[in-house]
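The sequence shown begins at 95 in the working numbering and counts up one residue at a time.
Everything below concerns the one structure shown next.
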Amino acid sequence: MAQPKYSTHLGMVDILPDEIRKWQFLENLIREEAHKFNFEEIRTPIMEQTELIVRGLGQLTDIVSKEIFAFSRGDDNYVLRPELTAPVVRAYVENHLDQRGGSQKLYYIGPMFRAERPQKGRQRQFHQFGVEVIGSSDAVSDVEVIAFMIHIYHKIGITNTTLKLNSIGDPDSREAYKDALRTYLKPNYEKLSEISKKRFEKNPLRILDSKEEEDQPLIENAPLITDYLNEESVSHYSRVKEYLTDLGISFEEDPYLVRGMDYYTQTAFELISPDLGAQDALAGGGRYDLLIEEIGGQPTPAVGFAAGIERLFIACEELGIDLGGEKEVDVYIVTLGDHARRWGLKQLPKLREKGVSATMDYMGRSMKAQMKDANRENARYAIIVGENELNEGKFTFRDMKESKEEALSFEEISNLLAEQSA
Ligand code: HAM
95 MAQPKYSTHL GMVDILPDEI RKWQFLENLI REEAHKFNFE EIRTPIMEQT ELIVRGLGQL
155 TDIVSKEIFA FSRGDDNYVL RPELTAPVVR AYVENHLDQR GGSQKLYYIG PMFRAERPQK
215 GRQRQFHQFG VEVIGSSDAV SDVEVIAFMI HIYHKIGITN TTLKLNSIGD PDSREAYKDA
275 LRTYLKPNYE KLSEISKKRF EKNPLRILDS KEEEDQPLIE NAPLITDYLN EESVSHYSRV
335 KEYLTDLGIS FEEDPYLVRG MDYYTQTAFE LISPDLGAQD ALAGGGRYDL LIEEIGGQPT
395 PAVGFAAGIE RLFIACEELG IDLGGEKEVD VYIVTLGDHA RRWGLKQLPK LREKGVSATM
455 DYMGRSMKAQ MKDANRENAR YAIIVGENEL NEGKFTFRDM KESKEEALSF EEISNLLAEQ
515 SA
């Protein structure tokens, strides 16, 4: 085959018709289940102002410092959204969603962009589904968010997962912890990676999230944030753990889990799968009680998660879970001659009107080739029609699976098909 002249950008892939069924299946499932949790969908633009993402996620995070797709138009600087928490919060503030009353329970499904080095489970354009609950500081909202996340994986049959949980405390607790971290790291400052050195003063918490090899031994023995939580933070964390236990959701506490964005406060969590390899995080999230104010809104508590859709599919593959099923169409009208072809074309809308999926040949092929095509299209039935059938008003109705045929009127056929697909 000739080498194609054009290709997708590195780390970005086409989702082709043979794969689309699993996407549609998952998206439908997410929508149905989100509805049961009373979450409403929100859709925001693919581009956001650079300033929002920098402020929202933090200047020193990997995403902002290394992975952003940025461009400008005139004086305006934009990025392709690397995640949706900051954009959803921007939409909440900009559109005064607080005025709708209560907490806003929002969900989303869509593409995100991060210029990471592509590998299995890591792409430059990838897809997330997620939830943001804005307006509640109650641990009930943390736990509902986590419950929804796990619920989706369970519905699909991915149950072999570990929920990692931590609290990174409120700002006071975190300041105390940052001081402790600096004191601990200072004697080994020279051993830190370049990026961690940069983070030492402004945001030493980020060092715990470092992937650099030289940082790992230092991270392993670092003080634990859980030892620096103040009373309020301890109390919130305890409630989250109790409510999770009430729901029978097991978790593993991981005092080094700090997550990759600066907006987190209090609860932080990740859902890990042993079926994913190196990129083992299926989903992650947490509380971000300061972000709304940070980007210009009123102080408003919030919590959410996002899940990687491609990683969910990798886990499905490893576990032999087939989400999409096979392509199929209810009926294929096989025609012989122009007269029959025009008749067939007119019957298609009548069948579709009854909820039956129906197709016919678009290529002027022989009857034999059309039967072959009906098989390839995985048609459940075929209606075979030529001049004689048209004259007699009886058509060959073929069950493609059972290889059985009978002669029926079009009305009988369409009623049968409608019953089947009801
Ligand atoms: P995150 O941990 O950066 O969190 O991303 C969530 C999930 O997206 C990851 O666990 C992973 O499954 C998937 N993911 C991230 N990067 C890639 C990539 N390059 N390729 C494939 N999958 C990827 C967030 O995005 C936060 N906004 C979550 C959140 C919502 N926190 C509060 N609310």
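By construction, the Cβ of each residue, glycine as well, lies at the ideal position given by its N, Cα and C atoms.
Model, not experiment: these values are computed from the prediction.
Residue i in three-state terms, based on DSSP
i	result
E307	helix
A128	helix
M520	The requested residue 520 does not occur in the structure, where the chain is confined to residues 95 to 516.
G150	helix
N324	coil
T394	coil
I415	coil
T237	The sequence shown places Val at residue 237, rather than the Thr named in the question. Residue state, collapsed to three classes: helix.
S159	helix
K199	strand
R167	strand
V423	strand
H221	strand
Backbone CA spacing between residue i and residue j [nearest angstrom]
i	j	result
E226	E135	10 angstroms
E121	E113	13 angstroms
L439	V423	16 angstroms
G354	I157	8 angstroms
K68	L191	For residue 68 there is no data in the structure shown, the boundaries of the chain being 95 and 516.
G431	L511	24 angstroms
K199	G224	11 angstroms
L351	D108	33 angstroms
S267	Y283	23 angstroms
R194	S287	47 angstroms
E269	L413	43 angstroms
V329	E336	The residue asked about is misnamed: residue 329 is Ser in this sequence, not Val. Answer to the nearest angstrom: the Cα atoms are 10 angstroms apart.
D169	R175	19 angstroms
Q153	Q143	14 angstroms
Residue from the options with nearest C-alpha to residue i
i	options	result
S197	D236, A372, E314 and E161	D236
I250	L123, I109 and E412	L123
P205	G195, Q193, P212 and H221	H221
P111	R474, Y475, V450 and K421	K421
H103	R211, E126, G414 and M141	R211
Check: residue i C-beta below 7 angstroms from any heavy atom of ligand 2
i	result
E420	Ligand 2 is not part of this structure, which contains only ligand 1.
Proximal residues to residue i (C-beta, below 8 angstroms), its chain only, five neighbours per side dropped
i	result
E388	R149, G150 and Y357
G487	S503 and F504
Same chain, Cβ closer than 7 angstroms to residue i, neighbours up to 5 away in sequence not counted
i	result
L484	H433, A434 and W437
S230	S197 and P395
Spatial neighbours of residue i in its chain, beta-carbon cut-off 6 angstroms, leaving aside the 5 residues before and after
i	result
Y331	S261
Closer than 8 angstroms to chain C by CB, residue i
i	result
K292	Of the protein chains in this structure there is only one, and it is not chain C.
_Is it the case that the region 378-396 contacts the region 433-443, given that we only count it when at least three CB pairs across the two stretches are under 8 angstroms?_
no
*Three or more C-beta pairs closer than 8 angstroms, one from the region 204-222 and one from the region 315-323: is that the case here?*
no
*Segment contact, 8 angstroms Cβ cut-off, at least three pairs: the region 273-280 with the region 291-306*: Enough Cβ pairs lie closer than 8 angstroms, so yes.
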